[in-house]
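Those letters in the sequence shown? Residues 1 to 396, per the UniProt record's numbering, in order. To start, the structure under review is shown below, and the notes come after it.
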Amino acid sequence: MALNLNTIALKSHKYPSFALPPMANLRSPKFLRASTLSSGSTEVESLKKPFSPPREVHVQVTHSMPPQKIEIFKNLEDWAEQNILVHLKPVEKCWQPQDFLPDPASDGFHDQVMELRERAKEIPDEYFVCLVGDMITEEALPTYQTMLNTLDGVRDETGASLTSWAVWTRAWTAEENRHGDLLNKYLYLCGRVDMRQIEKTIQYLIGSGMDPRTENSPYLGFIYTSFQERATFISHGNTARHAKDYGDLKLAQICGTIASDEKRHETAYTKIVEKLFEIDPDGTVLALADMMRKKISMPAHLMYDGREDNLFEHFSSVAQRLGVYTAKDYADILEFLVGRWKVEEITGLSSEGRKAQDYVCGLPQRIRRLEERSQSRAKEARYVPFSWIFDKEVKL
Ligand SMILES: [Fe+2]
Ligand SMILES: [Fe+2]
């Protein structure tokens, strides 16, 4: 097992170690800033600064999966073709962003845009903070395709590889690409948000990357994506519900349509992990416990708008307060996955495996208890400006 630990031990408190600020009480107290390059030099760090601010990342661990396990994924090629690629939709049957937006080639374009803007007037700023944060998260798609291609045994080796894993990753990316496109165009037309600030945030975020701590391991990587697809399914589902409450059925349809894609993706990724549990229960339960100990960081946890160092924390607090994505959702997702993979029922594990099993099975309840305690503590109301909405203040 090759572990490349590459640490620059600079301590900072600028950014959260994981991306659920609503659960600040669960946060790891120690943050390490590490180079993403193997040389681990501070010069490399400073060279990056013109493109994005110094970002918090953890100790960088690479290639933690034993090389012999790569065979498992090679042997699953046919299985993936039969069981995973079927969850992709043929392009001709897919929705496209244009299906939900005013048609710029039609005579009615201007009227349709005015109607969209009228509907958007009824929606509060705090909702737009959540929708913008979700859009920015989707727009950092190059980072997620890169992340999938860090995974040993399943990466797209050529950029046009014919393996089932590579075909999946490219087609998944192509499906995801519609999410950012649609939300971006909607937000541009609605006239409620500062597009330039949003565009800067996207540029910074793609420049910063993400730090999911999946160590080139497809075990960790597919557990991460299972969790994330469900998290985005929940959050887009909630923005759809809120849009409906504000009387904007078209926006509700936009968010709901994206949510249904996320659900399909969740089905595919959870199926891969289910298969891993079948082939290698010990290795998979250890990977699940490892990911949960490290905590699942949200994909956009390094977001920055050029002004606010705590932008992601602020966005997450608003999302928590509005019920778009909450600490309870985090616990619910874990409980769902533990049930989906029948983790409690696995037998024949090593003693380490049994410990990991106990840990993950008890974790949802522990998270909920901590969350209830933190909720019961009285918090004073805080208002912060968001550059995305022209520096208007929103309650956290
Ligand atoms: Fe998405
Ligand atoms: Fe997705």
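Just so you know, even glycine gets a beta-carbon here, dropped at the ideal spot from N, CA and C.
Note to self: Between Thr232 and ligand 1, is there a pair consisting of the residue's CB and a ligand heavy atom that are separated by less than 8 angstroms?
What the structure shows: yes
Requested in this report: Could you spell out where the alpha helix (DSSP H) holding Pro142 opens and where it closes?
Outcome: 141 to 148
(message) Rounding to the nearest angstrom, what Cα-Cα distance links Lys121 and Arg192 in this structure?
(response) 8 angstroms
Can you give the Cα-Cα distance for Gln68 and Cys361, rounded to whole angstroms?
29 angstroms
Span of the alpha helix (DSSP H) around Pro385: Run containing Pro385: none in the alpha helix (DSSP H); it sits in the beta strand (DSSP E), 383 to 386.
Say whether the region 299 to 312 touches the region 266 to 284, bearing in mind that this needs 3 or more beta-carbon pairs closer than 8 angstroms, one atom from each stretch.
no
*Check whether the Cβ atoms of His58 and Lys328 lie closer than 9 angstroms to each other.*
no
Going along the chain, which residues of its own chain have a beta-carbon closer than 6 angstroms to the beta-carbon of Ser217, five neighbours each way excluded?
Ser64, Met65
Give the straight-line distance between the Cα atoms of Met195 and Pro299, rounded to the nearest whole angstrom. 21 angstroms
Worksheet item: Any heavy atom of ligand 1 within a distance shorter than 8 angstroms of the CB on Thr261?
Response: A quick correction: the sequence has Asp, not Thr, at residue 261. Yes, Cβ of Asp261 sits closer than 8 angstroms to a heavy atom of ligand 1.
Top-ranked residue by Cα proximity to Tyr359, from Val338, Arg213, Arg377, Pro142: Val338
request  = With distances taken Cα to Cα, identify the nearest neighbour of His87 among Asp211, Thr284, Val167.
outcome  = Val167
Notebook entry, point to check: Which residues share a DSSP beta bridge with Glu393?
Noted result: Pro385
*asked:* If you reduce the DSSP assignment to three classes, tell me which class Gln365 lands in.
replied: helix
**Prompt:** Does ligand 1 have a heavy atom nearer than 8 angstroms to the CB of Glu176?
**Reply:** yes
| said: I need the straight-line Cα distance from His314 to Lys395, nearest angstrom please. | reply: 9 angstroms
The alpha helix (DSSP H) that contains Val167, what's its start and end?
164 to 190
Practice problem: Look up Gln228 in the DSSP assignment and say whether it is helix, strand or coil. | Solution: helix
### In chain order, each beta strand (DSSP E) run of at least 3 residues that lies wholly inside the region 66 to 135
none
In the DSSP assignment, find the unbroken alpha helix (DSSP H) run with Asp332 in it and report its ends.
327 to 340
query: DSSP state of Met291, grouped into three classes?
result: helix
Between Lys275 and Leu76, is the Cβ-Cβ spacing less than 9 angstroms? yes
Discussion item. Going by DSSP in three states, Lys379 sits in which element: helix, strand or coil?
Written reply: coil
Can you find a C-beta in chain D that's less than 9 angstroms from the C-beta of Ile198? The structure shown contains no chain D; it is built from a single protein chain.
- What is the DSSP secondary structure of Ser317, reduced to helix, strand or coil? helix
inquiry  = For Ser28 and Ser297, I'd like the C-alpha separation in whole angstroms.
reply    = Unreliable placement is indicated for Ser28, whose pLDDT of 36 sits below 50; the coordinate value is still reported in the next sentence. The alpha-carbon atoms of Ser28 and Ser297 are separated by roughly 12 angstroms.
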